[in-house]
Each structure stands twice: as structure tokens, then as C-alpha cells.
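Participant: Next up is a structure, given as C-alpha cells.
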Amino acid sequence: MATVTLKELKKSFGKTQVIHGIDLEVLDGEFIVIVGPSGCGKSTLLRMVAGLETVTDGEVQIGGERVNDSEPMERDIAMVFQNYALYPHMTVFDNMAYGLKIAGKPKAEIVERVHEAAKLLQLESYLKRRPRELSGGQRQRVAMGRAIVRKPSVFLFDEPLSNLDAKLRVQMRLEIKQLQRRLGVTSLYVTHDQVEAMTLADRMIVMNAGKADQIGAPLEVYANPQTQFVAGFIGSPPMNFLPSEMANDAPGGAKTLGIRPEHMRFARTGKEATVIYTEALGAETLVHVELKQGASATIRQNAAGPVPSEGAVVHLDWDAGDRLFFDSQGRRC
Amino acid sequence: MEKRVNFKGIWLPLLLVLPQLVVTAVFFFYPAGQAIYQSLFIPDPFGLSMQWVGLGNFEYLLGNAYYRASFVTTAIFSILVTLVSMGVALYLAVLADRLIKGSGVYRTLLIWPYAVAPAVAGVLWLFMFNTRVGVVTWYLGQLGYDWNHVLNGEEAMGLVVVASAWGRISYNFLFFLAGLQAIPRSVIEAAAIDGAKFWTRFRTIVWPLLSPVTFFLLVVNIVYAFFETFGVIHTITSGGPQQTTTILVYKVFKDGFVGQDLGSSAAQSVILLVIVGILTIVQFKFIERRVHY
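One line per chain: the protein sequences are A and B, in this order.
Residue numbering for the first sequence follows our numbering, starting at 1445 and increasing by one per position.
Residue numbering for the second sequence follows our numbering, starting at 9 and increasing by one per position.
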């Protein structure tokens, strides 16, 4: 168990700066999700905490101690990789026992701890198999098992679910959450999937081009995004962005008006729009419309309600309190 | 995915494989058959008459102390060449694998020796170690060591081993480097996080994952040391001094073309043929079983 602190953390590859100073305080036992599009530097950030990348500037602290120059093995961390990085020539048991063997733990303790972890992850009947004889989900579990047997003070996850199919991903997501709750280990989790971020995180960091645009609890970030990027990235379907002139009372400097799809509704009067196409998802229907001013928007309509047909002219309305305004830099105003 | 082409008749496919069959027949089956046939006779040096001796040539060879000594020499020579060329190649490949800047230049330079023909390589080494004008000999002399591979059998063996291994390092290096780069980076990183230092990682992760490559190279290098080092031996020592560097292949040449004992030479060829056969079977039998993943 430990806290993780990042202070003005920066990283450059040659002359290209990829991380532009990140500050973060992770509490003991907290589940932090780092989310962002590919190439935003989120994996690099995690690898710097792991000690797999050198720190260009700033400081990484684990448990209050500066670890900038420590080897990965000295940081008391465990990492789960996107491709699992299992040792292909070893059995599941040996994969999980590897770290303990190197640490020179007595054999009885190794066997006990591996079995304990295997039981937790329902891997007991697979201990003698090699990774290639396992399914994707089982390999994922072995990678998790390898992380938990060592009882590290910090877990690092680098997109651990992105190689799984959609159904398994949802299931493993739940398992990871439960496991983390039960073990209470501080965790940093990198993903590009905002649903994973929303469901797993105690707090999330939304990264954009090497900067942390916003750090906060998922629902707080969802309801109160600090930048247009965060507003557009978190939430599916993404927030609608309209020109600010569509509101009569836009604050000065505002350029864009943002409204979530679920906050738009059809009304008798309001902004006129043409339905381009509709996507019926069962419980809800997404209605894509084009407004007269040339902007497009998506409306999330409960399937129980009326759904306009494609090509129909509709009127849109929304509550003034659901509007968000962004300036030309993409900042809230 | 397997792509199969279906031919209607028999003639076109036959025609297509014919060139390969002809090459194999002319350059392998015919000479091999000749060798087996000749090994059962003792011809006179002028090739005018042949006397049937059955397995007499083989009996004579196996009872011959020189031939048995040549077996031992070949074993020592092959093991040393294989160990030196693979060991050095692996070391260089590990260094090159860690290298980021200038790796292209480094690799290109390391591949060059492979392009040098064995006989030429032999001459290069011969000049460097020449007992009178060799530059290495001179420096060794300055250090107080009197190098003379013409008289000293162990020095001669050392020299032909180094000369044979040298050109081979490039080839092994390429395979080892490819093998190392095929190991996913994240596996190495996972091991590092698990607490394994460089040497432990190498021993427990890299080496086992490299074993298919290593085994392949082992067989290929032994075959090389057995058969393709003729040029090096011929240019540097001609099998001497006192037969200390006469490996089996060289003895075939010496007994047959220098000593004109064609029957014995043919019998030796047949024995070598059997050895290659065994090595090939070993390679095909085990190479798949030894693959770790």
C-alpha cells in the first residue's frame, strides 16, 4: 500500500516533448484511470511510474520516496501489459512464481501464494498449462495473477483489456474492479476507452497531447468538463458542439455551445433541424440531425418515446442549465 | 493458410520439378552412388583396373590409428569452431540488440566477413600469423611468445579454429539478432519488473526463448565445421603439423588425391555421408520438439 505522487513530470524523446508537466497525488488504495486518445502520452506516463522510461524532468514518488532513479524492481510495483507479456516457455504456475523465486522466497510460501492467487482468479485447474494453451481471458487472468502474487504496493495497468473481445472486456472490467476493491492496492490504469475509465475510476485523468486536461471523479468530469476536449472525449455518443450564437445569452468570448445528446429533446418549437438518419439500439435510439446553421447533432431518445423518421423536419429544445460554453481555446467560460 | 494449386495432368507438374530433380541427381545421387560403388574396390593409381574388396576398405579404415585420430581431431575442431563462432556471435548480438544509435552500421560491418570465401579468409589469417613475416606473430614475439603453428600442433589447431569460426560469426550473429528481436519487449520488461537483473533475465527468459535458434545454429555450424572448412585447413596448415589438423574431410582429399588411395577415400566419403545423414535426421527430429512455445 502506498501513495503515488507526480510533480511537474515531463518527458521528451530527443527534442520532442511528449509529456508537458503533470501533477498528481494518488491516495493510498485509490483507483486512478488515465484516459486519452492514442498518442496523448498516457502509456509513457505509466511507464515512467514503472521505471521503464527515464524521467526527463520532475519527480515520481512512491510511498513518499523519490524513485526517479530506481530500477523497476526497486519500486515495489507490478504491471499488467496490453499483450499480457507472459513468459511463453513457462507454465502458468511458473509465470506467477517467477517474481517470488527471484526474490528468494521459500518454496512453501511460493506455492501457497500462487495457489491463493490462482484461487482468487479461478485459475487453479490451469496451473500446469502454458500460455499458448489458454484463451485470451485466461491469459489476462494469469497476467493479473502474476501481478498480485507479489503483493506490490502499486498496480500499473497498461490497456489490459484492449486485446479482448467486447463481451469479455465487460466481464474482466468488473473482475478487475472487484479485485482492486478487495485487495485495496493503489492502482494506475491506462486506457483509451472512456467507458472503462468511467466505470473503473475513483478519479480519472483525461490526457490530451501530453497534458492533463482534467483530473476528477468520473461523474464530476462528465457533468462539469473543464475543456472542450474533455467534453467531447468523455461520453458516448459525444457531446454536441454548436456555434455559441445559437444561444442568446452566451457569455463574452464564448465560441462553442456544448449540449449532451441526452439533454436535447424534440419539441413543438425551437431550433429547426432535419433528421439525417437514426440508429435504434434497443433501449434507446440515436437520432442524428443537421441544424439549419450547418452544425450537426445527435439526440439520445428513449426508445419508449416517439422517434422521427429520416428526412423529417424537427424542432429541438434544451434546458439553459444543461448548456456548457467554451472559448476559442477550448476552455470553459 | 495453405495455398494448393491443382494440376489436371501429370506432365506439367513433372516438368516443373524436373530441374530440381536433375540437379539433385547429377550433383548428389550420381556422385554418392559412385562413392559407394568405389568404396568396395581398390583401384590402381592409374585407374586402369579395380579389385573387388567388399568391405575391406572400411575394415582397414576403422582399424587404422590415423583415421581414428582424425575422428578425434574432427570432434575437437568442430566443437571448438561451433563454440567460438556461436559464443562470440551471441555476445555481439546481445550487444547489438541493446544498441539504438548506429545499429545499422554495426550490423553491416559484422555481416561483411560472411562474404569472404573460406580459402581467402584462410590466406588472410595465414599472413597475419605467418611464422616469419606475420604481424601478429611479430607482436607475440615482442611479448615474449614464440608463435610457430608450423611446428606446434596446438597452435595450428587454434589458428584453423579461429580462422574457420571468424567467417561464421556473421552468419550466427544474424540469426541470433533476429531471434533476440523476435522476443517481445514487454516480456523482458515484465521480467525486469519481476525483479530479474540482466543476467537472470538472460538465463531464465532470453536463453530459453532463443533455444530454437540456438539448436538450429548448432546443427548448421557442426555441419559447416565438418565439411566446409576444407579451404581454411588447406591454405593454412594442409592438415599438419603431423596430421594434428587433418579433419575427416581433409583426409578424404589427402588420401584420395594426394595419396592416390581412391578406394579408401571413397569409403571415407561414404562414412561422411552417413554422418551428414544422421545430423540431418537429428535436426529435423528435434528442432520442432525443442521449440519452446
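Cβ coordinates follow ideal geometry from the N, Cα and C atoms, glycine included.
This structure is a prediction, so every number in the text was calculated from the model and none was measured.
Is there a Cβ of chain B sitting closer than 9 Å to that of Pro-1532/A, yes or no?
Facilitator: yes
Participant: Check the Cβ-Cβ distances between Ile-201/B and every residue of chain A, and say whether any is below 9 Å.
Facilitator: yes
Participant: In chain order, what residues of the same chain have a beta carbon less than 6 Å from the beta carbon of Tyr-301/B, not counting five sequence neighbours either side?
Facilitator: With a pLDDT of 47 at Tyr-301/B, under the threshold of 50, the modelled position of that residue is not reliable, and the figure given next carries that caveat. Excluding the 5 residues flanking it on each side, Tyr-301/B has no same chain C-beta neighbour closer than 6 Å.
Participant: Which term fits Thr-254/B, buried or exposed, when burial requires 16 or more other beta carbons within 10 angstroms of its beta carbon?
Facilitator: buried
Participant: From this set, Leu-1564/A, Leu-1571/A and Ser-1631/A, which residue's C-alpha is nearest Leu-1794/A's C-alpha?
Facilitator: No information on residue 1794/A is available, as it lies outside the stretch 1445 to 1777 that chain A covers here.
Participant: Tell me where the beta strand (DSSP E) around Thr-1742/A begins and ends.
Facilitator: 1740-1746 is the span of the beta strand (DSSP E), which, as asked, contains Thr-1742/A.
Participant: Show which residues of chain B have a CB atom less than 8 Å away from the CB atom of Leu-1644/A.
Facilitator: In chain order: nothing, as chain B lies at least about 21 Å away.
Participant: If we count Cβ pairs, one from each stretch, closer than 8 Å, do we get three or more for the stretch 161-171 of chain B versus the stretch 1478-1491 of chain A?
Facilitator: no
Participant: Is it right to say Gln-59/B is buried, meaning 16 or more other beta carbons lie within 10 angstroms of its own, or is it exposed?
Facilitator: Counting other Cβ atoms within 10 Å of its Cβ, Gln-59/B stays below 16 and is therefore classed as exposed.
Participant: When the distance is taken between beta carbons, is Gly-130/B closer than 9 Å to His-242/B?
Facilitator: yes
Participant: Just to make sure I have the definition right: I need the residues of chain A whose C-beta is within less than 9 Å of the C-beta of Leu-217/B. Which are they?
Facilitator: Tyr-1531, Pro-1532 and His-1533, listed in chain order.
Participant: Rounding to the nearest angstrom, what Cα-Cα distance links Gly-1726/A and Leu-1735/A in this structure?
Facilitator: Roughly 25 Å separates the two Cα atoms.
Participant: Suppose the cutoff is 7 Å on Cβ atoms and the five residues either side in sequence are ignored; what does the same chain contact list for Pro-1682/A look like?
Facilitator: Take Pro-1682/A, set aside five residues on each side of it, and the residues of its chain with a beta-carbon closer than 7 Å to its own are Gly-1676, in chain order.
Participant: Nearest CA to the CA of Thr-1498/A: which residue from Glu-1509/A, Glu-1515/A and Gly-1508/A?
Facilitator: Of the residues Glu-1509/A, Glu-1515/A and Gly-1508/A, the one whose Cα lies closest to the Cα of Thr-1498/A is Glu-1515/A.
Participant: Would you say Phe-85/B and Met-136/B are within 9 Å of each other, going by their C-beta atoms?
Facilitator: no
Participant: For Asn-229/B, name the three-state secondary structure that DSSP assigns.
Facilitator: helix
Participant: Where in the stretch 27-90 of chain B do unbroken runs of the beta strand (DSSP E), each at least 3 residues long, occur, reported from the N-terminal end onward?
Facilitator: 49-51 and 58-60
Participant: Counting contacts by CB-CB distance shorter than 9 Å, is Glu-39/B in contact with chain A?
Facilitator: Going by the sequence as given, residue 39/B is Pro instead of Glu. No, no contact with chain A.
Participant: Does the pairing of the stretch 268-276 of chain B with the stretch 46-61 of chain B give three or more beta-carbon distances under 8 Å?
Facilitator: Judged by Cβ distances under 8 Å, the stretch 268-276 of chain B makes contact with the stretch 46-61 of chain B, as three or more pairs qualify.
Participant: Taking a cut of 8 Å between CB atoms, which residues from the stretch 165-198 of chain B lie near chain A?
Facilitator: Pro-192, Ser-194, Val-195, Glu-197 and Ala-198
Participant: Looking at chain A, is there any beta carbon in it that lies within less than 9 Å of the beta carbon of Thr-212/B?
Facilitator: yes
Participant: Just to confirm the assignment, what range does the alpha helix (DSSP H) spanning Arg-1625/A have?
Facilitator: 1610-1627 is the span of the alpha helix (DSSP H), which, as asked, contains Arg-1625/A.
Participant: In whole angstroms, give me the CA-to-CA distance for Leu-159/B and Pro-249/B.
Facilitator: 6 Å
Participant: Is Ile-1659/A helix, strand or coil by DSSP?
Facilitator: Three-state result, Ile-1659/A: strand.
Participant: Please state whether the Cβ-Cβ distance between Ala-1446/A and Val-1598/A is less than 9 Å.
Facilitator: yes
Participant: How should Trp-19/B be labelled, buried or exposed, when 16 other C-beta atoms within 10 angstroms of its C-beta is the threshold for buried?
Facilitator: Around the beta-carbon of Trp-19/B, fewer than 16 other beta-carbon atoms lie within 10 Å, marking it exposed.
Participant: Would you say Thr-6/B reaches chain A, if we count a Cβ-Cβ gap shorter than 9 Å as a contact?
Facilitator: Because chain B is modelled from 9 through 301, residue 6/B falls outside the range shown and cannot be assessed.
Participant: Which residues in the same chain as Gly-62/B place their Cβ atom closer than 8 Å to its Cβ, once the five residues preceding and following it in sequence are excluded?
Facilitator: Close CB contacts of Gly-62/B within its chain, under the 8 Å cut and outside five residues either way in sequence, are with Leu-48 (chain order).
Participant: Is the Cβ of Ala-1494/A closer than 9 Å to any Cβ of chain B?
Facilitator: yes
Participant: Check whether the Cβ of Val-1462/A lies closer than 9 Å to any Cβ atom in chain B.
Facilitator: At least 9 Å separates the CB of Val-1462/A from every CB of chain B.
Participant: Where Thr-1700/A and Val-1524/A are concerned, what is the direct C-alpha to C-alpha distance, given to the nearest angstrom?
Facilitator: 40 Å
Participant: Which residue from Gln-268/B, Val-228/B and Thr-237/B puts its Cα closest to that of Leu-289/B?
Facilitator: Reading off the sequence shown, one finds Ile at residue 289/B, where the question assumed Leu. For Ile-289/B, the nearest C-alpha among the options comes from Val-228/B.
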